[in-house]
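Colleague: Here you go, one structure.
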Amino acid sequence: MPTTQIAVTAMVNGLAIGLLLFITAAGLSLIFGMMDVLNLAHGALFLTGAYLAWWIGGEQQTWPSLARAVVAVVVLGAAAGGLLSLLTAPLSRRSHLEQALLTLGIALVAADILSALFGDDVRATEPPAGLDGTVTIAGWSYPSYRLALVGIAALLAAAVYWTVERTSLGALFRATVSDRDMVATVGVDPRLVRGGVFVLGSVLATLAGLLGAPIYHARPGLDTTILVLALVVVVVGGLGSIRGPLIAALLFGQVESVGRAVLPGLASFLLFGTLAAVLVVRPRGLFTLAPGGRR
Amino acid sequence: MTSLAQTRAAPARPRLGVGARTATGIAAGTLLLAAAPLYLAPYATTTLTRILVFGLLAASLNLLVGVVGLPSLGHAAFFGVGAYAAAWTAIHGLAGAGALLVGVVVAALVALVAGAVAVRASGVFFLMLTLAIGELTQQAADSWESVTGGSNGLYGVPAPTLFGTVLDQPATTYWYVLGFFVVGMLALRLVSTSAPGVVLRGIRDSEDRMRALGYRTTAIKLGALVFAGAVAGLAGGLLAAQQRLVTPADVGFETSALALLAVVIGGTGSWWGPCLGAALVIVVRDSLGATLDGHGPLALGLLFVLVVYLLPTGIARIRLRRAAS
């Protein structure tokens, strides 16, 4: 393959990965910004979505199986979000460390259940007919699923962005980020908002897992890989905002993909290097809505 | 600097120096631990060695969590780096205290680089950053095959030698580990109960006030992180000597999380409490992991959930009690 084609392929890959990362990290950022809960079980939700894609569709998805899988991940994500909301509710007045330990425990239990259900093998799944080949644009061939993924993920990202930044529901979300007590004073029960945001954030994670299944392949350990990427995106982008994680996710998608293509052995160092570089310039992330000093 | 620290922070100062009672306690505890292999089966001795190694890791983490108030989820990175460095040195011909020293120095250097980024953040950002640092270190251990042996790890680490004697029996390995465990614990105690420790507690309780008093808090936090990283590196070197094998799992997230769990169980208020927590964690992992047929993570996950729910005031209570005394 000529060098330019490798470069373009890596960049489109990076765009697809970046958008997937954004969908995952947006859920994490929303849950933290509004609920003040650092959900370390977020990666397990992504992995659950990826395993469900394989379990329902097998190694080769069809359109009906994909539709069933979408319904399944939305239902399961919503249920998991509700459960997480209930489990973390008693800890709302306690330190972040304890919440992190709790969700970490939940993540360990979830990972163990997943590996008991699906084994320790890589569970690869191929996208349905029509998306499983390659398309050729201007002489460059490219896996069609990844191009479709860019489109779908961009739509989903736009929907999330529009909901949070432009609708009255989003205004309620953002108001809760800025001042929870004030929202309660205006007559909105923050506990209802709490459950809603947990459900939304968790569904985003499981959906990202479903969309990412043909790229990442469900396997044990993928949950922590994704969790760390999402955390890095959230730290760099700033907590509680949507624009910050979007830009950070696109940046890290490129770092992951182009970095892997150019310097395969150094990918994790590149990731850390970028993280360090951003934090040296902006210690509290690129765009922080939540008050930085809040504990 | 030292005298200034003592005069400025005098009201909150814990008892400095080693009182007669503490000294007796330390001596008695060390003697008891030293005599243990004489009465234990070899397998139990090996378990106790693992507890010492893990206890030193947990105690070094407690310097960050309990004393400075920096909750780290990536402390195993320094532990693992120390273990790899010591194992590599031992394999390449320098087993024993020299390998440990290399482990300590390399771990301190990694802590310096990682810490320079991490201490810029506070609270939950610190938690996330250290988690990412730990995970990236594990990925590096996994992929840098020419040095770390990749996912197989570094195996065939020679037993440590001391004054020409090869320490390859469970009891001799145990005494070797115990010796450096005591050194590490005393170093931790010295830092946390002396004048620098008072400054560190001051930063935990009110960083802004300490900064207003003229302390360069970011640099001091970095110093504490490097010191804790160095002690974790010592524990890692001991791990390499005891296990004779280092794998990426020793660097990873689960090891960091277990160390944090040991600190929370043991209580952040005392310098030796985390060792008790470490003993519980190791016993649960080794005994339950074997009986549950590979479902160790399940048992540990439940232990995390239980600890959080059943210690309802948890860390805060311990901290309050300390402030009240």
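Chains as they are written, first to last, in the working numbering: chain W, 150 to 444; chain R, 5 to 329.
By construction, the Cβ of each residue, glycine as well, lies at the ideal position given by its N, Cα and C atoms.
#1: Could you check whether the Cβ of leucine 169(W) sits closer than 8 Å to any Cβ belonging to chain R?
#2: Straight-line CA distance for threonine 169(R) to threonine 49(R)?
#3: Hey, could you find the ends of the alpha helix (DSSP H) isoleucine 396(W) is sitting in?
#4: Have a look at the DSSP bridge pairing and note the partners of tyrosine 291(W).
#5: Does the separation of the CB atoms of glycine 167(W) and leucine 399(W) fall below 8 Å?
#6: Name the two residues that bound the continuous alpha helix (DSSP H) containing leucine 257(W).
#7: Quick one: which residues of the region 105-131 of chain R get their C-beta closer than 7 Å to a C-beta of chain W? List them in chain order.
#8: Pick from Ile262(W), Arg242(W) and Val222(W): whose alpha carbon is nearest that of leucine 302(R)?
#9: How many Å lie between alanine 68(R) and arginine 208(R) at the Cα?
#10: So which residues on chain W does valine 312(R) lean against when the C-beta distance must stay under 9 Å?
#11: What separation, rounded to the nearest whole angstrom, lies between the Cα atoms of alanine 249(W) and threonine 197(W)?
#12: List the DSSP bridge partners of glutamate 149(R).
#13: Going by alpha carbons, who is nearest to glycine 107(R) out of Val230(R), Ala91(R), Gly86(R) and Asn66(R)?
#14: So, using beta-carbon positions, are phenylalanine 171(W) and alanine 354(W) closer together than 8 Å?
#15: On the CB-based measure, 16 or more other CB atoms within 10 Å of its CB, does isoleucine 391(W) come out buried or exposed?
#16: Are the beta-carbon atoms of glycine 254(W) and valine 312(R) separated by less than 8 Å?
#17: For my contact list, leucine 61(R) and alanine 216(R) are in at a C-beta cut-off of 8 Å; report their separation, rounded to the angstrom.
#18: Could you compute how far the alpha carbon of alanine 228(W) sits from the alpha carbon of threonine 252(W)?
#19: Would you verify that the beta carbon of alanine 31(R) is, or is not, closer than 8 Å to some beta carbon of chain W?
#20: When the cut-off is 8 Å and only beta carbons count, does alanine 145(W) lie next to chain R?
#21: Taking the alpha helix (DSSP H) that tryptophan 276(R) falls in, what are its first and last residues?
#22: What's the call for proline 46(R), buried or exposed, on a 16-neighbour Cβ count within 10 Å?
#23: Mapping the DSSP letters down to three states, classify glutamate 208(W) as helix, strand or coil.
#24: Between alanine 273(W) and glycine 361(W), what straight-line distance do the alpha-carbon atoms span, to the nearest angstrom?
#25: Please tell me whether valine 377(W) has its Cβ less than 8 Å away from any Cβ of chain R.
#26: Assuming alanine 219(R) and threonine 152(R) make a contact with CB atoms under 8 Å, what is their CB distance in whole Å?
Modeller: Judging by the given coordinates:
#1: It does not: the Cβ of leucine 169(W) has no partner Cβ on chain R nearer than 8 Å.
#2: Taking the straight line from one Cα to the other gives about 20 Å.
#3: Taken as a continuous stretch (DSSP letters only), the alpha helix (DSSP H) holding isoleucine 396(W) covers 392-411.
#4: Note: tyrosine 291(W) sits in a beta bridge opposite Val284(W).
#5: Yes, they are a contact pair.
#6: First-last of the alpha helix (DSSP H) with leucine 257(W): 245-267.
#7: For the region 105-131 of chain R, the set of positions with a beta-carbon nearer than 7 Å to some beta-carbon of chain W reads Val121, Arg124, Ala125, Gly127, Val128, Phe129 and Leu131 in chain order.
#8: Measuring from the Cα of leucine 302(R), the nearest candidate turns out to be Ile262(W).
#9: It should be pointed out that residue 68(R) corresponds to leucine in this sequence rather than to alanine. Annotation: leucine 68(R) to arginine 208(R) spans about 9 Å, alpha carbon to alpha carbon.
#10: Taking the beta carbon of valine 312(R) as reference, the chain W residues within 9 Å of it are Leu240, Arg243, Glu247, Gln248, Leu250, Leu251 and Gly254, listed in sequence order.
#11: Spanning the two alpha carbons is a distance of roughly 20 Å.
#12: BP columns for glutamate 149(R) are empty, so no partner.
#13: The residue from Val230(R), Ala91(R), Gly86(R) and Asn66(R) with its alpha-carbon nearest to that of glycine 107(R) is Gly86(R).
#14: One thing to note: phenylalanine 171(W) has its Cβ no nearer than 8 Å to the Cβ of alanine 354(W).
#15: Using a 10 angstroms sphere on the CB of isoleucine 391(W), the tally of other CB atoms reaches 16 or more, which defines it as buried.
#16: Taking 8 Å as the Cβ cut-off, glycine 254(W) and valine 312(R) qualify as a contacting pair.
#17: At roughly 34 Å, the Cβ-Cβ gap does not stay under 8 Å, so leucine 61(R) and alanine 216(R) are not in contact.
#18: Roughly 16 Å separates the two Cα atoms.
#19: The beta carbon of alanine 31(R) does not come within 8 Å of any beta carbon belonging to chain W, so the residue lies off that interface.
#20: This structure leaves residue 145(W) out entirely; chain W is present only between 150 and 444.
#21: In the DSSP assignment, tryptophan 276(R) falls outside any alpha helix (DSSP H) and carries neither an H nor an E.
#22: The residue is exposed, with fewer than 16 neighbouring Cβ atoms inside 10 Å.
#23: Residue state, collapsed to three classes: coil.
#24: Rounded to the nearest whole angstrom, the CA to CA distance from alanine 273(W) to glycine 361(W) is 11 Å.
#25: Yes, valine 377(W) counts as interfacial toward chain R.
#26: In the sequence under discussion, the amino acid at residue 219(R) is tyrosine, which differs from the alanine named in the question. The beta-carbon separation of tyrosine 219(R) and threonine 152(R), rounded to 38 Å, does not stay under the 8 Å limit for a contact.
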